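In the numbering used here, the protein residues as written are 7 to 173.
From the three backbone atoms N, C-alpha and C, an ideal C-beta is built for every residue, glycine too.
These numbers come from a predicted model, not from an experiment.
Worksheet: one structure, shown below.
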């Protein structure tokens, strides 16, 4: 449960997660290419690795990596010392810009799922009293159990909608 509260803290949590991913990916590409900074080709490989991690570890729809043109454009803006290569700090800024939309989307989905759905469930619990058969069962459930069931249903519907869009 503590992880959920950490995720809801927002900007600090996202920055820590992006920093972990960028440091790990930068070191991985740097060691494989045996270089200190990343040129464009190495940077694009790093971007693909970052988006692979995002798609692997962060819930939500599949996020396509940006085009090479977009990477070139953002690279020019993030190359502070104009050497044509990206160092670790420039890489962190670069990834923040590249993944801004992705992180925002995931954060919004997390808030809807973990805050809004349980609140709506508890607020509408009384409305189920008139439903034959179901009303009495719902009224017997503790609010926490009912809210959890509604939240699980919301997650299930989100995943089902995502799966249907992928086909």
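Where does residue 43 land, buried or exposed, given buried means 16+ other C-beta within 10 angstroms? Here residue 43 refers to the residue found at position 37 when the chain shown is read from its first residue. Under the 10 Å beta carbon count, residue 43 is surrounded by 16 or more other beta carbons and is classified as buried.
Same chain only: Cβ atoms within 7 Å of residue 104, ignoring 5 sequence neighbours per side: What you label residue 104 is simply residue 98 of the chain shown in a count that begins at 1. Taken in chain order, the residues that qualify are 53, 72 and 80.
With distances taken Cα to Cα, identify the nearest neighbour of residue 157 among 128, 140, 102 and 26. Within the chain shown, numbered from 1, the residue matching residue 157 stands at position 151. Among 128, 140, 102 and 26, the Cα nearest to that of residue 157 is on 128.
Sequence ranges, alpha helix (DSSP H) only - wholly within the region 34 to 65, length at least 4: With a minimum length of 4 residues, the continuous alpha helix (DSSP H) runs that stay inside the region 34 to 65 are 46 to 63.
What is the rounded straight-line gap between the Cα of residue 161 and the Cα of residue 95? The residue you call residue 161 lines up with position 155 of the chain shown. The residue you call residue 95 lines up with position 89 of the chain shown. So the two alpha carbons sit approximately 36 Å from each other.
If we ignore side chains and look at the alpha-carbon of each, how far apart do residue 49 and residue 27 end up? One-based indexing of the chain shown puts residue 49 at position 43. One-based indexing of the chain shown puts residue 27 at position 21. Each residue's CA atom was taken as its position, placing residue 49 and residue 27 some 14 Å apart.
Does the Cβ-Cβ distance between residue 31 and residue 56 come in under 7 Å? The count along the chain shown starts at 1 and reaches residue 31 at position 25. The count along the chain shown starts at 1 and reaches residue 56 at position 50. Cβ distance < 7 Å, so residue 31 and residue 56 count as in contact.
Cβ distance (whole Å) where residue 51 is taken to contact residue 102 below 8 Å: Looking up residue 51 in the chain shown gives position 45. Looking up residue 102 in the chain shown gives position 96. Contact between residue 51 and residue 102 is absent: CB atoms are separated by about 19 Å, not below the 8 Å threshold.
Give me the Cβ distance between residue 152 and residue 140, rounded to the nearest whole Å; I'm assuming they're in contact under 8 Å. As a first step, residue 152 is located in the chain shown; it is residue number 146 there, counting from the start. As a first step, residue 140 is located in the chain shown; it is residue number 134 there, counting from the start. Not really, about 11 Å apart at Cβ, beyond 8 Å.
Looking at residue 61 and residue 68, is the spacing between their C-beta atoms short of 7 Å? Working through the chain shown from its first residue, we reach residue 68 at position 62. Working through the chain shown from its first residue, we reach residue 61 at position 55. Contact flag set, yes.
Can you tell which of 132, 126 and 133 has its C-alpha closest to the C-alpha of residue 159? Working through the chain shown from its first residue, we reach residue 159 at position 153. The shortest C-alpha separation from residue 159 is found at 126.
Candidates 99, 87, 93 and 146: closest to residue 41 by CA position: Here residue 41 corresponds to residue number 35 of the chain shown, with the count starting at 1. For the residues 99, 87, 93 and 146, the minimum Cα distance to residue 41 belongs to 93.
What is the rounded straight-line gap between the Cα of residue 148 and the Cα of residue 106? Residue 148 sits at position 142 when you count from the first residue of the chain shown. Residue 106 sits at position 100 when you count from the first residue of the chain shown. Looking at the backbone, the Cα of residue 148 and that of residue 106 are separated by about 39 Å.
Opposite residue 92 in the DSSP bridges: which residues? Taking the first residue of the chain shown as 1, we reach residue 92 at position 86. According to DSSP, which records beta bridges pairwise, residue 92 is partnered with 44.
Straight-line CA distance for residue 83 to residue 47? Reading the chain shown from its first residue, position 77 is the one you call residue 83. Reading the chain shown from its first residue, position 41 is the one you call residue 47. If I take the Cα positions, the gap works out to 17 Å.
What number of angstroms, rounded off, separates the C-alpha of residue 150 from the C-alpha of residue 124? Position 144 of the chain shown holds residue 150. Position 118 of the chain shown holds residue 124. Each residue's alpha carbon lies about 8 Å from the other.
Could you please give the first and the last residue of the uninterrupted alpha helix (DSSP H) stretch that includes residue 147? The residue given as residue 147 occupies position 141 in the chain shown. First-last for residue 147: undefined, no H or E at that position.
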